[in-house]
Amino acid sequence: MREYTVPAVTEPPTGSLSDPVWANASSHPDTAVFSRRVGSDSGGGWLDVSAAEFARQVTGVAKGLIAAGVKHGDRVALLSATRYEWTLIDYAIWTIGAVTVPIYETSSASQVQWILTDSDAVVAITENAAHGAVVESARSEAPHLQEVWQIEAGAVDELTVLGQEISDSEFDKRRTAVVPSDLATLIYTSGTTGRPKGCKISHSNFLDELGPAVKILDGLFDVNGASTLLFLPLAHVFARIIQVGCVMKMVKVGHTADVKNLVPDLGEFKPTFILSVPRVFEKVFNSASQKAHSEGKGKIFDAAADTAIAYSQSQDKGGASFGLKAKHALFDRLVYSKLRNVLGGQVQYAVSGGAPLGDRLGHFFRGIGVPVLEGYGLTETTAAVAVNLPDDIRIGTVGRPLPGVSVGVAGDGELLFKGGQVMQGYWKNDEATAAAIDADGWFHTGDLGEFDVDGFIKITGRKKEILVTAGGKNVAPTVLEDQIRLHPLVSQCMVVGDGKPFIAALITIDPETIVPWATERGKPTDVASLTADEDLIAEIQKAVNEANGSVSKAEGIKKFHILETDWTQETGELSLKLSLRRHIVMKNHEADVEALYTK
1 MREYTVPAVT
11 EPPTGSLSDP
21 VWANASSHPD
31 TAVFSRRVGS
41 DSGGGWLDVS
51 AAEFARQVTG
61 VAKGLIAAGV
71 KHGDRVALLS
81 ATRYEWTLID
91 YAIWTIGAVT
101 VPIYETSSAS
111 QVQWILTDSD
121 AVVAITENAA
131 HGAVVESARS
141 EAPHLQEVWQ
151 IEAGAVDELT
161 VLGQEISDSE
171 FDKRRTAVVP
181 SDLATLIYTS
191 GTTGRPKGCK
201 ISHSNFLDEL
211 GPAVKILDGL
221 FDVNGASTLL
231 FLPLAHVFAR
241 IIQVGCVMKM
251 VKVGHTADVK
261 NLVPDLGEFK
271 PTFILSVPRV
281 FEKVFNSASQ
291 KAHSEGKGKI
301 FDAAADTAIA
311 YSQSQDKGGA
321 SFGLKAKHAL
331 FDRLVYSKLR
341 NVLGGQVQYA
351 VSGGAPLGDR
361 LGHFFRGIGV
371 PVLEGYGLTE
381 TTAAVAVNLP
391 DDIRIGTVGR
401 PLPGVSVGVA
411 GDGELLFKGG
421 QVMQGYWKND
431 EATAAAIDAD
441 GWFHTGDLGE
451 FDVDGFIKIT
461 GRKKEILVTA
471 GGKNVAPTVL
481 EDQIRLHPLV
491 SQCMVVGDGK
501 PFIAALITID
511 PETIVPWATE
521 RGKPTDVASL
531 TADEDLIAEI
541 QKAVNEANGS
551 VSKAEGIKKF
561 HILETDWTQE
571 TGELSLKLSL
581 RRHIVMKNHE
591 ADVEALYTK
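For reference, each letter of the sequence shown is one residue, going 1 to 599 in UniProt numbering.
Next up, the structure:
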C-alpha cells in the first residue's frame, strides 16, 4: 500500500475543549468572541458577546446541568438549528465532562427516537415546542431520558437559575476533571446504509486536529479582526470543528440558520472567512451567471468568468501576462467586486468540504479574489484530515494531510487515513468499528482517491457508487455530475447506468434561475411545463456535451431525462450537506430510470 505522512508538529493535547473559554476570559475579557443577532428579523443588527460574558454564561448553564443531575460521561441531546445558544450549550456540556449528542433539526421522529434511545441520553435540549413534542413522543422508547428544556422557552435562563445552588468549588472540580481521552460528542451518521451509527469523538480527537490546524491555517484564524458567520448545521462535524477553532483563537463568530436571508446577513456581519459546501458555491456562480444573462450582460459575465479562471490558472504557471492582468483588473471593477460584496465584502478565504468542488469553480473563485480552501474528512475523522492552505493551494485536490496524519491508498483504490483525529469507534457497535478501523489503525473511508509525490490528495469517486455498465466499464458518476451542475439552469444531476448498456442521467432544474430564462423567451416559468421544451433540452444538452468531453466515449452520458420537480432535503433525496442520497433517488425515480433504457 502506498503511504504518505506529514509529521506531527505539536505536543500531545492536554486539558479539554472548554479550557480556552476560561483562558480567553482571563487574558482578553473584553474581546468580542461572538456576535448575536438583535431581534428575529434580518436587519436587526448584531450584539457582541465578550470572552468574559461567554465564560459567565457557560458557567451558568453548566452549573444548571450539574444541578439537574447530569454526571461526567452522561449524554445530553441537543436538537436545534444553528444559533448562539447551540454553541453556548455545547460548551456547557463539555465543561462538566458530559457528552453532546447533536440531532439535526430536520430529523424525522423515528431518527430522533433512535438517537435518544441508542445514546441513552439523560436530558435533551430542543430549540422550540415542535422539537420538544418530537422528543416527548420518543420518551417511552428512551427510558434514561429525564428532563427536556426548550431554548425558545428560556432554557438558558432556567438552567442558570437552577444552577445557583452549585458552588464554584464543585463547578471547578467538575471542569478540571475532564481529560483529553474523555468522550466529547456522539455524532450520528446519516444512516444511508442502515440505522445511524454514533461516532465516538473525544476531546483529544478535536484537539489533535485543531492543534496543528489553527497554526497552518493562520490566514483564517490569525488575521486582524478575524470573523466568520456560521450557517451550516452545527450538528454536522464540519461547522462544529470551525466553531471550536474559532473559540481557541478568539475569532468572532456569528450564527444564522436563515439561508434565505444569508446574503443580507453576510452583508451586515462582513465575515473575513466563510465555510460552506460545494452546492452553495455552485449556486452563487449559477445565480450570478443567470442574472447577468437575463439582464443582457451575459457576454460580459462569461468573459469575466473565463478571465478569472485563466488568471487563477496562470498563478500555477509563473503568473499572468500583462494582457491578462489588464483584463482581470477591468473585470474586477465590473464584476468580481460585486460578487465579493455578495459574500459581505470582507471575505479573504472560503473553506469547502462535504463533496468535491471541481476545478472550474476552484479557479473561478480564486480568480475573483476569494480562494476556496478545499479540504476532506468525514464525521469519523472529526472533520478534516487534509486541507489546502492559504499559501499552498493545489486546485482540483483536497490538499495535503494535516500534520500528524497519514494517508494510504489500498489495492482497490480506497483512501485510508491514520491520525489522532480518527474517532474512538462507533457507539455500542464493535462490529462496525472493526469493519471501519483495521488492526493497524487505518480508517477505511469508502472513498476512492490518489495522491501525488507532494502528498496532495485527489478524490476520484465513492467506492460504493462506482457504476459498472453491462459492457463492464467502470464509471465514476461524480466526475460528470459535478460538471453538469455548473450550468446555471441545473440544480441536481444523478448519473445512472449500473448494469445497463450505457450511461444516462436524471437532471433537475433550478426553480430560481429558470424563471428569468423562461420569461425572456416567453415560456411558462414552471418546470413541469418545460421538461419537453426543445430550447431547455438544447441548453441541458450543452452541459452534458461539455461534461462528456472530460471522460471517454464509453463513460459519456448518452441520454438524459429532465424531471418536473427538484430534489430536496425534505423529500429525503438530498442529505443535510446537500449531497445526493442515491438509493432514495433510485427508489423514487425507478420508472424514470427504466424509461431511459426502454423508450
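Even glycine gets a Cβ: it sits at the ideal position worked out from N, Cα and C.
Practice task
Report, in whole angstroms, the separation of the C-beta atoms of SER202 and ALA184, which I expect to be a contact under 8 angstroms.
Solution key: 6 angstroms
Practice task
Using the Cα positions of VAL398 and GLU85, report the straight-line distance between them to the nearest angstrom.
Solution key: 32 angstroms
Practice task
Identify every residue that forms a DSSP beta bridge with HIS444.
Solution key: LEU416
Handout entry: Three-pair Cβ contact test at 8 angstroms for the segment 293-301 versus the segment 344-357
Key = no
Handout entry: First and last residue of the uninterrupted beta strand (DSSP E) at LEU47
Key = 46-50
Handout entry: For SER575, three-class secondary structure by DSSP
Key = coil
Exercise for the section: Could you pull the start and end residues of the alpha helix (DSSP H) that GLN483 belongs to? Expected result: 477-484
Handout entry: Extent of the continuous alpha helix (DSSP H) run through HIS328
Key = 322-331
Exercise for the section: Starting from VAL351, trace the beta strand (DSSP E) both ways and give me its first and last residue. Expected result: 349-352
Problem - Neighbourhood of ARG240 by C-beta distance below 6 angstroms, restricted to the same chain and skipping five residues each side - result: LEU234
Handout entry: Assigned secondary structure, TRP149 (DSSP; H/G/I helix, E/B strand, else coil)
Key = strand
Problem - Nearest neighbour of ASP182, chosen from ARG581, SER18, THR513 [CA to CA] - result: SER18
Exercise for the section: Quick one: grab the DSSP three-state call for GLU105. Expected result: Look at GLU105 here: in three-state DSSP terms it is coil, with no helix or strand label.
Handout entry: C-alpha gap between PHE171 and LYS63, whole angstroms
Key = 7 angstroms
Problem - Buried versus exposed, by CB contacts within 10 Å (16 or more), SER108 - result: exposed
Practice task
Alpha carbon to alpha carbon, how far is LYS558 from VAL58? Give it in angstroms, no decimals.
Solution key: Straight-line measurement puts the Cα of LYS558 at about 58 angstroms from the Cα of VAL58.
Handout entry: N-terminal and C-terminal residue of the beta strand (DSSP E) that PHE364 is part of
Key = Unbroken run through PHE364 is the alpha helix (DSSP H), 359-367; no beta strand (DSSP E).
Practice task
With DSSP collapsed to three states, give me the class of ARG37.
Solution key: Correct three-state label for ARG37: strand.
Exercise for the section: Using the DSSP secondary-structure output, state which residues sit across from MET494 in a beta bridge. Expected result: Its beta-bridge partners are LEU506.
Practice task
Could you check the C-alpha separation between GLY353 and VAL122 for me, to the nearest Å?
Solution key: 33 angstroms
Practice task
Could you check if LYS197 is buried or exposed, using at least 16 other CB atoms within 10 Å of its CB as the buried criterion?
Solution key: buried
Problem - Segment contact flag, the segment 110-125 with the segment 141-153, C-beta cutoff 8 angstroms, min 3 pairs - result: yes
Practice task
Could you check if PHE560 is buried or exposed, using at least 16 other CB atoms within 10 Å of its CB as the buried criterion?
Solution key: buried
Practice task
Please go through the same chain and pick out, in chain order, the residues whose beta-carbon is closer than 8 angstroms to the beta-carbon of MET1, but skip the five residues on each side of it.
Solution key: Answer for MET1: GLY408, VAL409, ALA410, GLY411, LEU416, listed in chain order.
Handout entry: Run of the alpha helix (DSSP H) containing residue 637, from where it starts to where it stops
Key = Shown here, the chain extends from 1 to 599; a query on residue 637 therefore has no answer.
Exercise for the section: Could you spell out the range, first to last residue, of the alpha helix (DSSP H) harbouring ALA383? Expected result: Here ALA383 belongs to no alpha helix (DSSP H); instead the beta strand (DSSP E) covers 383-387.
Exercise for the section: Below 8 angstroms on the Cβ atoms is my guess for GLU105 versus LEU79; work out the distance and round it to an integer in Å. Expected result: 6 angstroms
Exercise for the section: Determine the direct distance from the alpha carbon of SER312 to that of CYS199, and round the result to whole angstroms. Expected result: 39 angstroms
Handout entry: Extent of the continuous beta strand (DSSP E) to which GLY219 belongs
Key = Where GLY219 is concerned, there is no enclosing beta strand (DSSP E), although the alpha helix (DSSP H) it sits in stretches over 218-221.
Exercise for the section: Evaluate LYS249 with the Cβ neighbour count: other Cβ atoms within 10 Å of its Cβ, from every protein chain shown; 16 or more gives buried, anything less gives exposed. Expected result: buried
Exercise for the section: Whole angstroms is fine: what's the gap from PHE206's alpha carbon to THR382's? Expected result: 6 angstroms
Practice task
Could you tell me the distance, in whole angstroms, from the CA atom of VAL515 to the CA atom of TYR4?
Solution key: 49 angstroms
Problem - the segment 264-275 in contact with the segment 307-322 per 3-pair CB rule at 8 angstroms - result: no
Exercise for the section: Could you name the residues of the same chain whose beta carbon sits closer than 6 angstroms to that of ALA25, not counting the 5 residues immediately before and after it, in chain order? Expected result: ALA51, ALA52, ALA55
Handout entry: Continuous beta strand (DSSP E) stretch holding ALA184: start and end
Key = 183-188
Practice task
Name the residue from VAL101, VAL156, GLN113 whose alpha carbon lies nearest to the alpha carbon of ASN128.
Solution key: VAL156
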